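Structure first, then comments.
In the working numbering, the protein residues as written are 65 to 153.
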């Protein structure tokens, strides 16, 4: 048991993430558009749409009604690529 407590930190980087619970609102639709993206979020009976310009690494924007934050996570070794990360509140 004590050996498990001293396992290297990198061991925590592998595994399966399981979601337990329910999503009570629909997510936003995100579509690439030119050098940016378009968001469409359904809230309170209406679609809230917005065009977003290109993000640089570290930039953060909010989706309509502050339902989520979006930021670009760089991909090591690929300066022109990145992961678009959406964090819903």
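Just so it is clear, CB atoms sit at the ideal spot from N, CA and C, and this is done for glycine as well. Just so it is clear, the structure is predicted and the values come from calculations on it, not from any experiment.
* Could you give the residue range of the beta strand (DSSP E) that holds residue 135? -> Position 71 of the chain shown, counting from 1, holds the residue named residue 135. Residue 135 -> beta strand (DSSP E) spans 132 to 139.
* Asked: Ordered along the chain, which non-local residues of its own chain (more than five positions away) have a Cβ less than 6 Å from that of residue 150?
  -> Within the chain shown, numbered from 1, the residue matching residue 150 stands at position 86. So the qualifying residues of the chain are 132, 134.
* Alpha carbon to alpha carbon, how far is residue 153 from residue 105? -> Stepping through the chain shown from its first residue, residue 153 is reached at position 89. Stepping through the chain shown from its first residue, residue 105 is reached at position 41. One C-alpha to the other measures close to 13 Å.
* To do: Below 6 Å CB to CB, which residues in the same chain sit around residue 117 once its five sequence neighbours on both sides are set aside?
  => As a first step, residue 117 is located in the chain shown; it is residue number 53 there, counting from the start. Excluding residues up to 5 positions away in sequence, 100 lie with their Cβ nearer than 6 Å to the Cβ of residue 117 in the same chain.
* **Reference residue 98, options 119, 91, 113, 90, closest by Cα** => As a first step, residue 98 must be located in the chain shown, where it is residue number 34. Measuring from the Cα of residue 98, the nearest candidate turns out to be 119.
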